[in-house]
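Trainee:
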Amino acid sequence: MNTELASSGSRGDLNALYEKAQQLTSPDLRDKIVGSLYQESKRLCEAGVHHSNTKRDRRTEKLDAVFTSPIWGFPIMMVMLGIVFYLTIAGANVPSDMIARFFGWLENYITAFFQWMSAPDWLYGVLVLGLYRGTTWVVSVMLPPMAIFFPTFALLENYGYLPRVAFNMDRIFKKVGAHGKQSLTMAMGFGCNAAAMMSSRIIESPRERMLAILTNNFVPCNGRWGTLIVLASLFMAAGYTGGAKSLVTTSVIVGIVLFGILVTFLVSWVLSKTVLKGVPTHYTLELPAYRRPKFWETVIRSSLERSWAVLLRAVKVAAPAGILTWVLANVTVGDTSILMHIVNFLDPFGQMLGLDGYILMAFLIGLPANEIVLPILIMGYLSTGALTEVHNLGDLKQIFVDQGWTWLTALNTMLFSLLHFPCGTTLVNIYKETKSIKWAFLAFLIPTMIAIFVTFVIAQSVRMLG
Amino acid sequence: MTETYRIALAGNPNTGKSTLFNALTGLKQHTGNWAGKTVSLAEGTLSHRGTVYRLIDLPGTYSIFSNSRDEEVARNYIVFEKPDVTLVVVDATSLERNLNLALQILEMTQNVIICINLMDEAEKRGISINERLLTRRLGVPVIKISARNKTGFPMLLDTIERLAEGKLVCEPARMTYDKDIETKIASLEPLVADLVEDRISSRWVALRLLDGDESLLDELKSRLKVKEGSA
Chain A
11 MNTELASSGS RGDLNALYEK AQQLTSPDLR DKIVGSLYQE SKRLCEAGVH
61 HSNTKRDRRT EKLDAVFTSP IWGFPIMMVM LGIVFYLTIA GANVPSDMIA
111 RFFGWLENYI TAFFQWMSAP DWLYGVLVLG LYRGTTWVVS VMLPPMAIFF
161 PTFALLENYG YLPRVAFNMD RIFKKVGAHG KQSLTMAMGF GCNAAAMMSS
211 RIIESPRERM LAILTNNFVP CNGRWGTLIV LASLFMAAGY TGGAKSLVTT
261 SVIVGIVLFG ILVTFLVSWV LSKTVLKGVP THYTLELPAY RRPKFWETVI
311 RSSLERSWAV LLRAVKVAAP AGILTWVLAN VTVGDTSILM HIVNFLDPFG
361 QMLGLDGYIL MAFLIGLPAN EIVLPILIMG YLSTGALTEV HNLGDLKQIF
411 VDQGWTWLTA LNTMLFSLLH FPCGTTLVNI YKETKSIKWA FLAFLIPTMI
461 AIFVTFVIAQ SVRMLG
Chain B
482 MTETYRIALA GNPNTGKSTL FNALTGLKQH TGNWAGKTVS LAEGTLSHRG
532 TVYRLIDLPG TYSIFSNSRD EEVARNYIVF EKPDVTLVVV DATSLERNLN
582 LALQILEMTQ NVIICINLMD EAEKRGISIN ERLLTRRLGV PVIKISARNK
632 TGFPMLLDTI ERLAEGKLVC EPARMTYDKD IETKIASLEP LVADLVEDRI
682 SSRWVALRLL DGDESLLDEL KSRLKVKEGS A
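Line by line, the protein sequences give chains A and B. In my numbering, each residue carries its 1-based index in the first sequence increased by 10. In my numbering, each residue carries its 1-based index in the second sequence increased by 481.
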């Protein structure tokens with residue numbers, strides 16, 4: 011069924027025709043042809059194709075108009091943050107107290123058991139006063155808040171709200187000369203700063219990535235939530251009871267978080283104007299549609315997996331740290347224990363910052379993991395001889411008050427916790443990611459200097475004002 | 482024996498061309514060689530209102546500039562084997578990209594139906610297409626279908642029938658290029674028309690020769706040789 015070409019045609023004519031065509035043509039002819047075809051396709055589609063939004067798109071747009079609005083975006087973010095912390099604080103109090111009571115009750119039996127065995131004092135000290143108390147404190151103080159905080163946060167994430175937070179923050183990050191994606195690594199930091207170091211890989215530009223790495227520490231990771239929540243609820247809302255108490259505690263925590271974010275912006279801005287000069291690069295942030303997550307699956311998965319992982323890590327570090335603290339407190343050099351030598355050495359400096367020697371020591375020993383700072387501090391205080399038995403959160407506060415704590419001590423401890431050097435794991439990760447001792451050291455130095463500066467200024471001003 | 486018409490299926494890859502082919506022909510398929518070429522194409526038959534249609538599934542290509550063997554095969558079939566109807570299957574969800582190929586085919590042949598497939602998916606994404614406007618603009622029938630859900634088939638089959646039987650005459654809108662190219666086409670076209678008469682679009686051949694399409698030149702030569710040999 012071949013097409014028969016005209017009889018007048020011949021191969022010679024064709025060759026001549028082709029040569030003529032080649033003389034006529036220009037090198038950009040193909041581009042012009044393709045260009046015209048594309049233009050025509052485009053014109054046709056503009057006329058004949060209409061993109062309307064589906065129901066889901068329209069709902070997403072409406073929600074985005076509110077959640078990412080220049081006016082409402084930030085207030086809503088604060089309220090959301092507030093709700094998450096309120097639920098965490100209000101919900102965690104009772105179970106925390108119950109778990110603490112349970113471990114206290116159990117300790118009586120363990121003590122009785124050691125007495126029955128006529129175990130030596132040092133063994134009892136290491137195992138019960140060091141190991142047992144250290145780990146049980148970590149569990150009772152940290153488990154309930156985590157079991158509430160993680161699922162709530164995960165629900166917000168799965169509903170699609172967190173990308174909107176990143177979108178809102180993006181505007182500010184660009185203004186301070188950083189990359190918008192830094193808001194994503196920052197959000198990751200709320201979970202774990204060490205993990206956030208890895209997540210900074212999403213930022214391509216080395217300059218902006220370094221900014222993200224150096225400032226990530228200013229958002230409290232879950233290892234520090236425990237410290238912040240416990241101290242805030244013990245000291246910051248002392249005059250209130252019931253719901254109001256939780257509300258005040260929540261405001262304090264939200265304030266602390268906002269302060270951390272503010273410091274992030276400030277440090278990013280200063281660095282991008284000095285050692286890390288440059289213009290922020292553009293990128294497109296795709297906002298996924300809002301969707302209803304599988305509620306119970308999210309809740310169960312996040313509370314089991316994440317809470318369990320964090321707790322396990324805390325206990326792993328807390329156990330040896332508990333033993334170490336006990337040993338330091340009980341091995342004497344000269345007439346005082348090693349612990350007291352350290353504490354006495356650090357105390358003058360600590361006092362200047364509105365803290366004390368014990369607190370600084372706890373932060374130093376707590377370098378491997380922020381989770382254990384508070385337990386070490388408590389053990390340190392308890393080792394001074396005034397061996398109070400801790401049975402509930404009220405007893406806990408008494409320990410602090412006996413050591414001369416005021417709301418200022420609590421506030422500065424919280425601020426120091428928020429701003430101080432990153433944990434050991436994070437520092438190792440920074441070194442791995444930057445391959446530079448210098449930057450890893452700066453990542454240690456910058457936060458520490460800021461922590462010292464802020465607490466110093468607050469302590470001195472409060473004291474001056476009386 | 483009932484009259485048979487040949488319907489060629491062309492289109493970009495992943496437009497559901499094969500889905501449509503399978504849906505229309507069912508199990509009545511085989512692989513056929515054509516014109517002594519070593520290229521084999523899937524063929525199938527379909528009857529509609531007492532008429533048998535042979536469907537030929539051409540290779541899926543993004544253009545038909547003879548950049549590749551597949552493009553040559555598709556081009557040669559449409560131009561030289563002259564199917565009664567060429568069905569260009571396009572993806573409703575990326576119509577703009579797909580229309581490029583359709584426009585190129587409209588330059589080559591007259592009896593074209595543009596078949597907008599994946600309409601179900603497009604509707605889900607909130608894409609609505611005004612096929613009447615496209616029909617008017619392109620000068621050939623534009624039909625919306627979903628090969629997967631077998632929707633739009635009656636309309637498609639009726640159009641194929643009317644076109645094959647000559648009850649419907651297409652006047653494809655001609656692509657207009659810039660002045661420079663149009664002048665060149667105009668000076669070359671009469672010469673081409675002398676050679677190929679009205680069996681092939683002389684305008685299209687002129688354009689292809691200007692574009693330096695040697696593969697088409699060779700194809701034309703071999704077709705002429707066949708003619709000379711038989712003369």
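Glycine included, C-beta positions come from ideal geometry on N, C-alpha and C.
1. Listed in chain order, which residues of the segment 45-61 of chain A have Cβ atoms closer than 7 Å to some Cβ of chain B?
2. Give every residue of the same chain whose Cβ lies closer than 8 Å to the Cβ of B/V677, excluding the five residues on either side of it in the sequence, and list them in chain order.
3. What's the gap between the Cα of A/R68 and the Cα of B/L615?
4. Along the segment 653-673 of chain B, what residues have a CB closer than 8 Å to any CB found in chain A?
5. Which value, in whole angstroms, describes the spacing of the CA atoms of A/T444 and A/P432?
6. Kindly indicate if chain B contains any beta-carbon less than 9 Å away from that of A/E14.
7. For the structure I just gave you, are there three or more beta carbon pairs, one from the segment 74-89 of chain A and one from the segment 166-174 of chain A, closer than 8 Å?
8. Within this structure, are the beta carbons of A/F8 and A/V229 separated by less than 9 Å?
9. Which first and last residues belong to the alpha helix (DSSP H) in which A/L238 is found?
10. Using the Cα positions of A/M8 and A/L116, report the straight-line distance between them to the nearest angstrom.
11. Give the secondary structure of B/R680 by DSSP, where H, G and I count as helix, E and B as strand, and everything else as coil.
12. Helix, strand or coil for A/R311, going by three-state DSSP, please let me know.
13. Can you tell me the Cα-Cα spacing of A/A319 and A/I409, whole angstroms?
14. When Cβ atoms are compared, which residues of the segment 587-611 of chain B fall closer than 8 Å to chain A?
15. My assumption, with CB atoms under 8 Å, is that B/R487 sits in contact with B/R556. Please give the rounded CB distance.
16. Taking Cβ-Cβ distances below 9 Å as the criterion, which residues of the segment 189-220 of chain A are in contact with chain B?
17. What do you get for B/G517, buried or exposed, if any count of 16 or more other CB atoms within 10 angstroms of its CB means buried?
18. Which residue comes first and which comes last in the beta strand (DSSP E) that contains B/N598?
19. Could you name the residues of chain A that B/E553 contacts, counting a contact when the two beta carbons are closer than 8 Å?
20. Could you name the residues of chain A that B/N548 contacts, counting a contact when the two beta carbons are closer than 9 Å?
21. How about B/D675: is its C-beta nearer than 9 Å to some C-beta of chain A?
22. Determine the closest residue to A/T70 out of A/F113, A/G170, A/L133, with distance taken between C-alpha atoms.
23. Within 10 angstroms of the Cβ of A/H189, are there 16 or more other Cβ atoms? Answer buried if so, exposed if not.
24. Taking 9 Å as the threshold (beta carbon to beta carbon), is A/S317 in contact with chain B?
25. Distance cutoff 9 Å, beta carbons only. Does B/D692 sit that close to anything in chain A?
26. At a CB distance below 8 Å, what residues from the segment 612-634 of chain B approach chain A? Give them in sequence order.
27. What residues are listed by DSSP as bridge partners for B/G525?
28. Anything in chain B within Cβ reach of A/L73, meaning under 7 Å, just list it in chain order.
29. For the segment 237-257 of chain A against the segment 92-99 of chain A, do three or more pairs of beta-carbon atoms, one drawn from each stretch, fall closer than 8 Å, so that the two count as touching?
30. Do you know how far the Cα of A/P105 is from the Cα of A/K287?
31. By the three-class DSSP mapping on this structure, what secondary structure does B/A516 have?
32. Under a three-way DSSP split, which group does B/L490 fall into?
33. List the endpoints of the continuous alpha helix (DSSP H) containing A/T419.
34. Measuring alpha carbon to alpha carbon, tell me which residue in A/R217, A/A222, A/H61 is nearest A/A205.
35. Within 10 angstroms of its Cβ, does A/F95 collect 16 or more other Cβ (buried), or is it exposed?
36. Go to B/D608, then tell me how far its beta strand (DSSP E) extends in each direction, as first and last residue.
Mentor: Based on what the coordinates show:
1. The residues in question are S46, L47, Y48, E50, S51, K52, L54, C55, A57, G58, V59, H60, H61.
2. Excluding residues within five positions, the ones whose Cβ falls inside 8 Å are S683, V686, L701.
3. Per the coordinates, the alpha-carbon of A/R68 lies some 28 Å from the alpha-carbon of B/L615.
4. Those residues of the segment 653-673 of chain B that come within reach of chain A (Cβ to Cβ, closer than 8 Å) are M656, T657, Y658, D659, D661, I662, K665, S668, L669, L672, V673.
5. C-alpha separation (whole angstroms): 15 Å.
6. Confidence at A/E14 is low in this model, with a pLDDT of 48, below 50, so its placement is unreliable and the value that follows should be read with caution. At least one chain B Cβ lies under 9 Å of A/E14.
7. Touching, yes.
8. There is no way to answer for residue 8 of chain A, as the model of chain A reaches only from 11 to 476.
9. Note, A/L238: alpha helix (DSSP H), 232-241.
10. Coverage of chain A is limited to positions 11 through 476, which leaves residue 8 of chain A absent and any answer about it impossible.
11. Of the three classes helix, strand and coil, the one that applies to B/R680 here is coil, per DSSP.
12. Look at A/R311 here: in three-state DSSP terms it is helix.
13. Linking A/A319 to A/I409 through their CA atoms gives a straight-line distance of about 29 Å.
14. Within the segment 587-611 of chain B, those residues whose Cβ lies closer than 8 Å to any Cβ of chain A are, in chain order, K605, R606, G607, I608, S609, I610, N611.
15. Incorrect: roughly 16 Å between the Cβ atoms, too far for contact.
16. Flagged: no residues at all.
17. Model confidence at B/G517 stands at a pLDDT of 45, short of 50, so the residue's coordinates are unreliable; what they give is reported in the following sentence. Note on B/G517: under 16 other CB atoms within 10 angstroms of its CB, so exposed under the neighbour-count rule.
18. Per DSSP, B/N598 belongs to the beta strand (DSSP E) from 593-598.
19. For the C-beta of B/E553, not a single chain A residue is nearer than 8 Å; the gap to the nearest is close to 16 Å.
20. In chain order: nothing, as chain A lies at least about 10 Å away.
21. Answer yes: the Cβ-Cβ gap between B/D675 and chain A drops below 9 Å somewhere.
22. Looking at A/F113, A/G170, A/L133, the one whose alpha-carbon comes closest to that of A/T70 is A/G170.
23. With a threshold of 16 other beta carbon atoms within 10 Å, A/H189 meets it and is buried.
24. Chain B, which has no Cβ nearer than 9 Å to the Cβ of A/S317, makes this no.
25. So, interface residue.
26. Of all residues in the segment 612-634 of chain B, E612, L614, L615, R618, L619 have a Cβ within less than 8 Å of some Cβ in chain A.
27. According to DSSP, B/G525 bridges with B/Q510, B/L536.
28. Going along chain B, no residue has its Cβ under 7 Å from A/L73, so there is no contact; the nearest lies around 17 Å.
29. Touching, yes, given that three or more Cβ pairs across the two stretches are closer than 8 Å.
30. Taking the Cα positions, A/K287 is about 49 Å away from A/P105.
31. Low per-residue confidence applies at B/A516: pLDDT is 49, beneath 50, and the placement is therefore not dependable, though the value from the model is reported in the following sentence. In the structure shown, B/A516 sits in coil (DSSP, three-state: anything other than H, G, I, E or B).
32. The answer is strand: DSSP assigns B/L490 an E or B state.
33. That run of the alpha helix (DSSP H) goes 417-429.
34. In terms of CA proximity to A/A205, A/A222 leads the group A/R217, A/A222, A/H61.
35. Answer is buried; the Cβ neighbour count reaches 16.
36. Note that residue 608 of chain B corresponds to Ile in the displayed sequence, not to Asp. Start and end: 608-610.
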